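S.K.: Dropping the structure in here first, questions after.
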Amino acid sequence: MGMEAALKTIMPTSSQSDPTSFGAEQSRDLSALSGRAPALALESRIEVYKTSPEMFTSQKLQALYDHWEGLRSGHAIPRSRDLSPINVGFILGQITLVDVLSGPLNFYYRLIGTRIEELGRHGDQGKTVDQIRPACYRQLCRDAYHEAVETAAPLCLRICRRQSDGEVGYERMILPFGGDEGRVVTLLDALDWAPGVQIELQRLRLLPSANVPVDMVFS
0 MGMEAALKTI MPTSSQSDPT SFGAEQSRDL SALSGRAPAL ALESRIEVYK
50 TSPEMFTSQK LQALYDHWEG LRSGHAIPRS RDLSPINVGF ILGQITLVDV
100 LSGPLNFYYR LIGTRIEELG RHGDQGKTVD QIRPACYRQL CRDAYHEAVE
150 TAAPLCLRIC RRQSDGEVGY ERMILPFGGD EGRVVTLLDA LDWAPGVQIE
200 LQRLRLLPSA NVPVDMVFS
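Here's what the structure looks like:
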């Protein structure tokens with residue numbers, strides 16, 4: 000099965016796929032979350048903390064990074080043709096494949112995993128990053144994708160989304176893949192919002208800002 004077919008056939012479990020039941024009371028208490036996916040359509044402010052793979056709370060993202068490292072085979076970045084859905088099945092529904100367009104630089108959402116669509120990203124497949132909403136999320140994606148392409152290196156983020164009914168957090172990793180000429184042609188954008196991730200974001204929010212600076216803010 001190819002990557003495109005696999006992303007569209009993997010189905011989330013019922014305990015992880017009910018964004019409509021993610022209410023205000025739950026979102027105010029991050030430590031009480033049970034793994035439900037927080038809806039991404041209502042952002043009013045997004046705070047971004049840069050981190051590194053070894054600092055991720057998400058074991059899925061750590062495993063995905065290890066897989067990316069193994070695919071490099073001595074190259075700066077792996078080739079996009081080496082990416083197989085068989086080897087990333089453990090996080091398949093939580094990844095997005097983004098094509099890097101040149102002249103001018105832009106980003107095209109080729110494939111979006113089923114669980115990502117349930118967060119509120121349904122309908123974004125087939126669009127460029129300039130076409131997605133809301134504006135704060137569009138700016139976050141555009142800036143993150145630009146950095147991943149310019150550095151040709153993984154970009155690891157912890158993200159805290161603040162809105163009128165509370166806060167939710169998730170971890171995110173953007174991995175570059177190259178073409179035959181070596182330039183970045185594909186980005187694999189993966190998210191995880193497991194309970195441990197939520198608790199870690201809550202802990203970071205309670206620390207003095209001087210110790211954990213916010214790297215980017217979008218509103």
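Under numbering that gives the first Met the number 0, read the sequence shown as residues 0 to 218, first letter to last. Glycine included, C-beta positions come from ideal geometry on N, C-alpha and C. Model, not experiment: these values are computed from the prediction.
#1: Assign Pro-37 to one of three DSSP states: helix, strand, or coil.
#2: Determine the direct distance from the alpha carbon of Tyr-144 to that of Val-97, and round the result to whole angstroms.
#3: What's the C-alpha gap between Arg-109 and Ser-79?
#4: Nearest chain D C-beta to Gly-177 closer than 7 Å, yes or no?
#5: What residues in its chain sit with their C-beta under 8 Å from that of Arg-71, if we drop five residues either side in the sequence?
#6: For Tyr-108, list the residues DSSP reports as bridge partners.
#7: Considering only their Cβ atoms, is the gap separating Ala-151 from Pro-175 smaller than 7 Å?
#8: Quick one: give me the first and last residue of the beta strand (DSSP E) that Leu-91 is part of.
#9: Could you tell me the boundaries of the beta strand (DSSP E) in which Lys-126 lies?
#10: Given this structure, state the Cα-to-Cα distance separating Ser-83 from Glu-166, to the nearest angstrom.
#11: Among Tyr-107, Phe-106, Gly-92 and Ala-75, which one has its Cα closest to the Cα of Leu-118?
#12: Give the DSSP-derived three-state secondary structure of Glu-24 in the structure shown.
#13: Taking DSSP's pairing of strands, which residues face Met-172 in a bridge?
#14: Helix, strand or coil for Arg-44, going by three-state DSSP, please let me know.
#15: Below 7 Å between beta carbons: does that hold for Leu-63 and Ala-147?
#16: Would you please state the rounded distance, in angstroms, between the beta carbons of Lys-59 and Phe-89? I believe it to be under 8 Å.
#17: On a CA-only basis, which of His-121, Asn-105 and Leu-104 is nearest Gly-112? Give me that one, please.
#18: Is Glu-149 near Phe-55, with beta carbons less than 7 Å apart?
M.R.: Straight from the coordinates:
#1: The residue labelled residue 37 in the question sits at position 38 within the sequence shown. Caution applies to Pro-37, whose pLDDT of 47 falls short of 50 and renders its modelled position unreliable; the model cannot decide the point.
#2: Walking along the sequence shown from the start, residue 97 turns up at place 98. Walking along the sequence shown from the start, residue 144 turns up at place 145. Distance between the alpha carbons of Val-97 and Tyr-144: 9 Å.
#3: The sequence position of residue 109 within the sequence shown is 110, counting from 1. The sequence position of residue 79 within the sequence shown is 80, counting from 1. If I take the Cα positions, the gap works out to 13 Å.
#4: The structure shown has no chain D; it contains just one protein chain.
#5: Taking the first residue of the sequence shown as position 1, residue 71 is located at position 72. Hits under 8 Å: Pro-77.
#6: The sequence position of residue 108 within the sequence shown is 109, counting from 1. According to DSSP, which records beta bridges pairwise, Tyr-108 is partnered with Val-97.
#7: Counted from its first residue, the sequence shown places residue 175 at position 176. Counted from its first residue, the sequence shown places residue 151 at position 152. Yes.
#8: For this step, residue 91 is matched to residue 92 along the sequence shown. Unbroken run through Leu-91: none, as it is neither H nor E.
#9: Here the question's residue 126 lines up with position 127 in the sequence shown. Unbroken run through Lys-126: none, as it is neither H nor E.
#10: The residue you call residue 83 lines up with position 84 of the sequence shown. The residue you call residue 166 lines up with position 167 of the sequence shown. Cα to Cα, the separation comes out at about 35 Å.
#11: Taking the first residue of the sequence shown as position 1, residue 118 is located at position 119. Checked all of Tyr-107, Phe-106, Gly-92 and Ala-75; the closest Cα to Leu-118 is Gly-92.
#12: As a working note, residue 24 is residue 25 in the sequence shown. Here the model assigns Glu-24 a pLDDT of 28, short of 50, so the residue's position is not dependable and the matter cannot be decided.
#13: Position 173 of the sequence shown, counted from the start, is the residue given in the question as residue 172. DSSP lists Cys-155 and Ala-189 as partners of Met-172.
#14: Position 45 of the sequence shown, counted from the first residue, corresponds to residue 44. Strand.
#15: Position 64 of the sequence shown, counting from 1, holds the residue named residue 63. Position 148 of the sequence shown, counting from 1, holds the residue named residue 147. Contact flag unset, no.
#16: Here residue 59 corresponds to residue number 60 of the sequence shown, with the count starting at 1. Here residue 89 corresponds to residue number 90 of the sequence shown, with the count starting at 1. Yes, they are in contact, since the Cβ atoms of Lys-59 and Phe-89 sit about 6 Å apart, within 8 Å.
#17: The residue labelled residue 112 in the question sits at position 113 within the sequence shown. It is His-121.
#18: Counting from 1 along the sequence shown, the entry for residue 149 is found at position 150. Counting from 1 along the sequence shown, the entry for residue 55 is found at position 56. Result no, Cβ atoms of Glu-149 and Phe-55 do not sit closer than 7 Å.
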